[in-house]
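K.L.:
Residue numbers (our numbering), protein chains in the order written: chain A, 3 to 447; chain B, 3 to 447; chain C, 3 to 447; chain D, 3 to 447. Glycine is no exception: its CB is placed at the ideal position from the N, C-alpha and C atoms. Only a predicted model underlies this, so the values are computations on that prediction, with no experimental measurement involved. Here it is, the structure, as structure tokens.
Number of protein chains: 4
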Amino acid sequence: MIERYSRPEMAVLWSDATRFELWLEVELAVCEAMEAADVVPAGQAAEVRARARGKLDPDRVRAIEATTRHDVIAFLTHVEELAGPPARWLHFGMTSSDVLDTALALQCGQAVDRILAGIDGLRTALARRAREHAKTPMIGRSHGIHAEPITAGLVFARWYAELGRARERLARARAAIAVGKLAGAVGVYGNIEPAIEAAALGALGLTPETVATQVVARDRHAELLCALALLGTAIEQISLGVRHWQRTEVGEAEEGFGAGQKGSSAMPHKKNPILSENLTGLARLLRAYAGAGFEDVALWHERDISHSSVERVSLPDATILADFMLARVTRVIDGLVLHPERMRENLDRTGGLYCSEAVLLRLVAKGLARQAAYELVQRCALAAHAGEGRFRDLLGDDPDIRAHLSPEELEKELDAAFDLDHHLRHVGLILARALGDADGDPGPW
Amino acid sequence: MIERYSRPEMAVLWSDATRFELWLEVELAVCEAMEAADVVPAGQAAEVRARARGKLDPDRVRAIEATTRHDVIAFLTHVEELAGPPARWLHFGMTSSDVLDTALALQCGQAVDRILAGIDGLRTALARRAREHAKTPMIGRSHGIHAEPITAGLVFARWYAELGRARERLARARAAIAVGKLAGAVGVYGNIEPAIEAAALGALGLTPETVATQVVARDRHAELLCALALLGTAIEQISLGVRHWQRTEVGEAEEGFGAGQKGSSAMPHKKNPILSENLTGLARLLRAYAGAGFEDVALWHERDISHSSVERVSLPDATILADFMLARVTRVIDGLVLHPERMRENLDRTGGLYCSEAVLLRLVAKGLARQAAYELVQRCALAAHAGEGRFRDLLGDDPDIRAHLSPEELEKELDAAFDLDHHLRHVGLILARALGDADGDPGPW
Amino acid sequence: MIERYSRPEMAVLWSDATRFELWLEVELAVCEAMEAADVVPAGQAAEVRARARGKLDPDRVRAIEATTRHDVIAFLTHVEELAGPPARWLHFGMTSSDVLDTALALQCGQAVDRILAGIDGLRTALARRAREHAKTPMIGRSHGIHAEPITAGLVFARWYAELGRARERLARARAAIAVGKLAGAVGVYGNIEPAIEAAALGALGLTPETVATQVVARDRHAELLCALALLGTAIEQISLGVRHWQRTEVGEAEEGFGAGQKGSSAMPHKKNPILSENLTGLARLLRAYAGAGFEDVALWHERDISHSSVERVSLPDATILADFMLARVTRVIDGLVLHPERMRENLDRTGGLYCSEAVLLRLVAKGLARQAAYELVQRCALAAHAGEGRFRDLLGDDPDIRAHLSPEELEKELDAAFDLDHHLRHVGLILARALGDADGDPGPW
Amino acid sequence: MIERYSRPEMAVLWSDATRFELWLEVELAVCEAMEAADVVPAGQAAEVRARARGKLDPDRVRAIEATTRHDVIAFLTHVEELAGPPARWLHFGMTSSDVLDTALALQCGQAVDRILAGIDGLRTALARRAREHAKTPMIGRSHGIHAEPITAGLVFARWYAELGRARERLARARAAIAVGKLAGAVGVYGNIEPAIEAAALGALGLTPETVATQVVARDRHAELLCALALLGTAIEQISLGVRHWQRTEVGEAEEGFGAGQKGSSAMPHKKNPILSENLTGLARLLRAYAGAGFEDVALWHERDISHSSVERVSLPDATILADFMLARVTRVIDGLVLHPERMRENLDRTGGLYCSEAVLLRLVAKGLARQAAYELVQRCALAAHAGEGRFRDLLGDDPDIRAHLSPEELEKELDAAFDLDHHLRHVGLILARALGDADGDPGPW
């Protein structure tokens with residue numbers, strides 16, 4: 003992934019240096035398991051560890067690989083250079099993929115752990131903003147059209163809940179990927195014992211692949227990429243929300259604007275939601291990698307290596323992007339400037355049209371047939387929309403409506419239908435449900 | 003989905019008729035909950051049910067929709083035609099999406115249940131073939147090249163395990179999708195009470211969306227489509243395996259060939275793995291629908307309806323295809339004709355080259371440096387590959403090898419390295435682990 | 003494709019009935035070419051045509067296929083039932099794919115022709131609206147934020163131009179797909195002569211595949227699906243534009259709303275851009291099919307049949323959808339209600355902030371350093387945005403600006419910078435360029 | 003793109019350094035056009051060029067961007083640092099996207115030119131191998147099953163033709179992308195004249211966008227990514243072919259194996275088609291980027307910037323990968339070791355079963371009904387397949403066949419049907435057609 007979208011801690015995890023160190027960890031874990039089982043003389047792993055750990059030189063490995071055209075053999079040759087004869091006991095009975103796939107499981111696990119922490123940070127920010135704006139009313143919109151009121155806090159709570167589901171999927175994918183394999187060239191333990199695998203993987207925090215081929219099954223990695231794509235869509239949902247709020251005509255929120263920042267080289271007046279737009283785009287890349295991941299699952303016989311070139315790009319790029327996106331979207335949420343007064347203005351813009359459903363229901367409850375009531379209310383609503391008067395006034399003056407209700411009754415029903423607090427009376431309950439604690443409830447309206 | 007790839011029981015689930023009946027179930031569940039809560043006079047739902055259930059006419063609904071251009075309103079109008087005044091109590095305080103999304107959850111649940119049953123059927127077949135061929139040796143192949151021996155049963159067991167993971171993901175997606183929503187136009191229960199939702203959804207076997215907008219969140223449906231795509235890749239893996247086995251040069255297995263079947267209009271001698279090829283293709287469609295599913299997640303504000311047109315196609319098509327594919331692949335597995343004698347022939351084709359790793363390890367254990375041993379063995383292997391003699395003979399005659407081991411020692415080591423039973427000694431354990439029961443173990447080798 | 007999104011003329015093109023008739027056309031064209039070459043006795047094709055054309059019974063073919071499990075053989079058997087002995091001369095030296103792929107080329111060609119005509123209809127509508135609103139000013143928006151003025155006609159002209167590019171790509175894909183193949187089982191003309199292929203394909207309006215395998219190369223079909231996906235994005239661009247214009251807060255245009263139409267079952271006041279939302283979704287399906295198309299290109303050796311199951315779904319579904327979408331979007335454009343007065347209101351909403359660039363440039367032209375000028379203008383712009391006054395007044399009163407220009411100069415520069423007609427002076431030229439004729443020019447501003 | 007899959011000349015094209023130099027080219031082209039039009043005093047561009055060209059410091063630009071959070075403004079600030087007052091005349095009347103998109107068009111053009119050259123190199127190699135093996139017979143395979151004979155040269159010629167189509171699509175995409183835009187903030191030439199754009203773009207080898215928004219339309223970039231994806235599938239087709247040929251059981255060709263190369267760390271006997279497997283995987287990434295490209299087309303109003311983050315990754319990564327893949331696949335083709343004797347062995351493996359169609363046709367020509375003849379031949383073919391005898395012998399002995407033909411006639415017909423030269427008589431014509439010159443024809447058989 004390009005530097006612009008990489009955070010150092012995640013990028014280093016995918017560096018050659020880290021990769022070779024993880025390979026060494028795997029080789030050492032196996033060697034130690036073999037020592038414990040008296041297959042290998044005691045003390046070899048300790049000696050290799052002392053001489054090689056932290057001293058691996060990626061450039062040297064690459065130089066050797068230029069001749070052997072085989073990365074693991076190049077790595078082992080380099081370890082032997084560093085550690086001498088004890089290194090001969092490494093890789094005993096193993097195939098390259100035993101090392102590669104087991105190390106990849108460790109690498110993916112560490113990457114996902116960072117992402118899970120990133121999700122937690124984002125959710126903390128979302129929960130905070132949800133509580134802060136629990137009672138800030140705004141118009142809810144469906145189809146981009148004013149529908150009925152909600153509160154701004156509800157939107158944050160919704161994002162919090164969606165991120166919770168994204169987290170759950172990712173945690174499950176992490177479990178699915180925490181699978182190593184030390185079963186030899188075609189997975190039958192021809193030259194290595196299952197007990198060695200169990201001990202070594204256990205020491206590394208992994209479990210064995212149920213039925214391995216030369217490699218661990220690739221549906222596990224595809225599941226991970228899907229979970230990342232769905233984390234991406236959750237972030238996309240947030241960024242899309244911010245972009246809509248920041249539209250000039252809506253103006254209900256805007257990304258924090260740093261001192262010295264310039265919105266446009268041509269137009270000094272512009273404040274653009276560029277972080278959110280950026281995130282909207284990056285979500286597309288995450289789903290692109292998931293698409294490639296699906297194609298990596300079905301391999302020839304006991305494996306072909308076509309998945310490998312894809313994974314060299316897709317796994318680092320997808321996890322690095324996800325990590326970057328989480329940091330960025332958390333910043334957006336933390337710094338988001340909300341404009342409750344503008345929300346109120348927008349809410350009032352349609353003169354209470356958003357109460358049309360409540361009016362409809364009250365007329366039905368008073369005995370009008372649903373379809374007749376619908377047409378009455380729609381007539382007044384379209385007239386209000388066309389600027390012929392305020393919705394409530396038009397309703398109060400409508401002769402067909404007045405034919406069914408006494409003026410007092412009508413007034414009472416309209417009062418109730420136009421009562422915003424009544425409409426929003428259950429917001430506290432929803433927040434409590436979403437945020438998972440009693441604090442969620444912002445108290446009575 | 004085209005008829006050719008639809009099984010009737012699944013297709014009918016996505017018919018208009020079923021859809022309208024499910025809408026009615028949802029409306030009735032809400033009405034009953036309201037009756038129980040004394041919001042609606044008792045007995046309305048029962049009366050509507052008696053008059054309308056099973057009597058809905060999809061053509062009539064469509065005719066009304068041609069005018070209203072709104073499907074739920076058309077449906078309600080039709081129910082009122084059938085059931086008269088009590089129908090007025092339906093849809094009270096609800097928005098269209100309350101009905102649509104809750105019914106969709108029921109529909110998806112039923113579709114997934116059929117698919118889960120299909121997976122179970124396939125796994126039963128796979129387990130049977132795994133046990134049957136637990137001890138049928140065949141060459142394992144990596145990169146399409148002979149590697150080391152496995153058994154045919156192991157391959158079936160591997161597919162069994164992969165389908166188990168596919169099942170687990172689908173079961174989780176089923177839980178994620180078992181979520182309804184009866185919370186009104188923007189999800190804040192403006193005109194309906196949370197308690198009504200809880201009661202009605204409970205009666206339908208669903209739980210409420212945590213924070214709804216006008217609709218249930220679409221990451222749930224995207225997760226379902228991902229799970230189906232990954233079921234597709236598991237089936238693709240099987241079909242790819244069968245196609246490779248059936249290749250003329252490999253010939254280790256072939257799809258059952260019905261009496262009267264013709265392989266080619268031009269070439270009477272052909273027996274092609276057409277079912278498996280067909281399945282390979284259909285898996286591509288499943289991932290295409292998942293791709294569209296990702297784009298359906300992020301919607302404008304409290305919903306836009308862009309996801310709807312996609313889902314009208316993708317949800318039926320993906321579930322109908324998955325159901326069809328499961329039936330077809332189960333038939334392939336049940337009818338698959340294996341050729342153990344041909345497996346044996348192929349196994350022997352390289353004169354034991356597949357033992358090269360075992361030879362290498364035994365030389366290392368006897369004190370040779372790994373790299374030196376590797377080069378010795380590779381030299382003999384390449385010579386054997388080039389037709390200069392049998393691998394074992396070349397090893398036995400190699401002067402550099404003989405320089406390290408006495409003739410007796412060498413003979414003993416080669417005997418051990420070329421022992422197939424020893425190589426496959428852990429197959430029983432793997433099968434038992436995969437098939438999850440003691441029966442998996444085919445006994446000692 | 004589901005009926006809801008299928009127009010009958012396109013759907014019938016993909017029916018079994020049409021398919022079998024096209025197969026017959028191909029078989030007859032070959033038979034006639036063979037008769038002309040004296041390979042087959044004269045008059046056979048004419049007799050088969052007289053007895054079978056228009057009389058093929060798809061159900062009967064399917065019934066035979068149930069036994070043979072081979073569609074072309076079933077078809078030929080049925081033709082022989084209808085036409086008797088002369089039918090024996092059909093399919094001579096051909097393989098099934100000769101018929102299937104050549105007929106598919108005809109089918110795709112006809113489908114694309116309908117779509118091209120649909121594009122032409124849409125472009126006619128777009129050109130009309132472009133001219134109609136050539137001089138209707140509206141605010142241009144980048145990042146969803148007001149930028150500088152454009153005219154509504156320009157937007158239609160832009161869509162017109164994009165559809166022109168979509169048309170060009172589709173026309174090229176049509177040429178790429180107009181390729182048949184009558185070269186036998188593996189494409190080497192083993193039992194049929196190249197001259198027969200040339201004659202028969204020529205009669206059908208096709209050219210021969212350069213190097214065929216058993217089939218025509220699938221990159222041709224993938225190119226077609228890509229072109230359809232890019233037609234989809236062009237329609238998506240239009241539908242997205244309409245949805246943005248129709249947002250409550252923007253209100254610059256709205257889809258025509260039929261008499262009797264209901265926007266929402268719950269909210270009688272709603273008028274939603276549902277056609278455009280629907281189209282936005284369908285574009286996602288078109289790209290999903292393109293995704294599957296890429297995977298269909300690389301086949302095993304001289305063909306595997308994995309592409310076939312995909313194409314049975316993707317080619318009909320993609321072309322039927324494209325045809326449907328074109329009809330729908332043309333209706334949207336034809337019926338779109340524009341609100342020029344609302345455009346004007348929105349334009350004026352920021353008190354001329356959109357002139358900030360012009361002001362900046364005039365200050366630079368008057369000798370201020372660019373960065374200094376940028377900061378002065380941004381300061382006034384942010385103040386105006388914050389409600390501290392009208393942008394022009396703030397500029398006129400700014401002491402730092404007044405330090406550089408005399409009051410008269412300043413007034414003159416601001417007059418020029420705030421002149422909308424000057425800003426839009428080149429719109430006529432752009433329209434003429436886009437619409438490709440002198441009529442495009444709406445005359446001087 | 004990771005270094006492993008990047009070739010330096012292409013990678014440098016996408017470096018910040020190149021990007022900033024291209025921005026400068028664009029700014030200077032505009033400044034020169036303005037000087038020519040007497041809008042800007044003569045000599046400014048020349049002075050800036052002398053002081054800044056080749057001296058831009060990417061680190062310095064990034065440092066400034068850290069404050070301004072706007073890349074073009076940071077760039078201009080840096081140019082002003084280097085070139086002083088004349089730099090004030092840069093960017094006059096322009097918006098950032100004028101620079102960015104015009105420079106991007108140059109960058110994409112240069113990238114595509116490299117790729118086109120790579121295709122030409124590959125096609126040269128393919129044509130050479132096609133001619134070399136024009137007459138090397140091998141069995142053609144459909145469904146992975148032996149069908150009828152072809153020659154190895156035909157396969158290379160087929161790949162040559164497919165790459166020709168890939169080239170054509172890419173050349174068209176290059177033309178579609180060779181479009182700049184110097185039309186200001188929303189594309190209406192508010193502060194810049196169309197004549198300036200025409201002159202400046204002309205000098206850069208570009209044409210103006212027909213109707214620009216703030217940016218050039220993104221369907222152009224999507225078309226490029228589609229063309230690259232289809233180049234990828236063409237390379238995938240080749241790599242898939244090589245992998246199938248190299249399978250142990252097929253063994254008809256293998257990738258060149260360097261001295262010192264190791265196929266497997268565990269199995270010294272292995273020679274794996276790893277380059278081809280690698281390429282198969284990389285093709286998946288190319289289509290993933292195309293998928294993201296589709297989503298970048300439809301933007302909000304006169305642009306949103308969501309496409310930008312995607313393009314920062316997808317355009318470099320896709321072009322760098324395509325360049326890498328071309329170099330690698332050309333190496334594979336150049337070094338591919340073919341085994342004609344093994345091809346012959348495989349061809350003979352089925353005892354002439356591949357002649358079944360020719361036999362069938364000759365029986366039909368001799369007066370047997372097609373269906374009856376088909377059944378006779380299929381019976382012998384299946385018997386031969388089951389090992390009951392050689393196909394030709396079984397045919398010669400079949401009593402039902404002998405009932406229709408005299409022994410002499412039968413012998414003559416079988417001789418003709420089993421004649422390989424006759425079967426392949428048109429190969430020269432196909433090669434000449436594909437390779438586009440008389441040289442293609444390998445002479446008479």
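1. Spatial neighbours of residue 25/A within its chain, please: C-beta separation below 8 Å, excluding the five flanking residues on both sides.
2. Can you list, in chain order, the residues of the stretch 412-435 of chain C whose Cβ is nearer than 7 Å to any Cβ on chain D?
3. Would you please verify whether the beta carbon of residue 14/D is less than 8 Å from any beta carbon of chain A?
4. Would you give the residue range spanned by the beta strand (DSSP E) that residue 140/C belongs to?
5. Can you confirm whether residue 252/D, when its beta carbon is compared against all beta carbons of chain B, has any partner nearer than 8 Å?
6. Considering only their Cβ atoms, is the gap separating residue 95/D from residue 193/D smaller than 8 Å?
7. Thinking C-alpha only, which one of 341/A, 219/A, 374/A and 344/A is nearest residue 307/A?
8. Quick check: the Cα distance between residue 435/D and residue 185/C, rounded to an integer number of angstroms?
9. Taking the alpha-carbon positions, what's the residue 232/C to residue 428/B distance?
10. Please go through the same chain and pick out, in chain order, the residues whose beta-carbon is closer than 8 Å to the beta-carbon of residue 122/A, but skip the five residues on each side of it.
11. In or out: residue 160/C buried (at least 16 other Cβ within 10 Å) or exposed?
12. Give me the Cα-Cα distance between residue 277/D and residue 315/A, rounded to the nearest whole angstrom.
13. Chain B partners of residue 235/A, CB-CB under 7 Å?
14. Confirm, please, whether the CB-CB distance from residue 332/C to residue 230/C is below 8 Å.
15. Name, going along the chain, the residues of the stretch 272-288 of chain C whose beta-carbon falls closer than 7 Å to a beta-carbon of chain B.
16. Closer than 9 Å by beta-carbon distance: list the chain A residues that pair up with residue 293/C, in chain order.
17. Assuming residue 337/D and residue 257/D form a contact by the criterion Cβ under 8 Å, report the distance between their Cβ atoms to the nearest whole angstrom.
18. Between which two residues does the alpha helix (DSSP H) containing residue 418/C stretch?
19. For residue 340/C and residue 348/C, what's the separation of their Cα atoms in angstroms?
20. Tell me, please, whether the CB atom of residue 121/B is closer than 8 Å to any CB atom in chain A?
21. Would you mind working out which of 240/D, 120/D, 164/D and 208/D sits nearest residue 324/D, comparing C-alpha positions?
22. With contact counted as at least three CB pairs below 8 Å, one residue from each stretch, are the stretch 349-360 of chain A and the stretch 414-421 of chain A in contact?
23. In chain order, what residues of the same chain lie with their CB nearer than 8 Å to the CB of residue 446/C, ignoring the 5 residues before and after it?
24. Would you kindly check if the distance between the Cβ of residue 31/D and the Cβ of residue 53/D is under 8 Å?
P.N.:
If we stick to the structure as given:
1. 74, 77, 101, 102 and 105
2. 425, 426, 428, 429, 431, 432 and 435
3. no
4. 139-144
5. yes
6. yes
7. 219/A
8. 14 Å
9. 54 Å
10. 169
11. buried
12. 16 Å
13. 221, 224, 296, 299 and 300
14. no
15. 276, 279, 280, 282, 283, 284, 286 and 287
16. 293
17. 7 Å
18. 409-419
19. 13 Å
20. no
21. 120/D
22. yes
23. Bear in mind that the predicted position of residue 446/C carries a pLDDT of just 49, short of 50, making it too unreliable to give a figure here.
24. no
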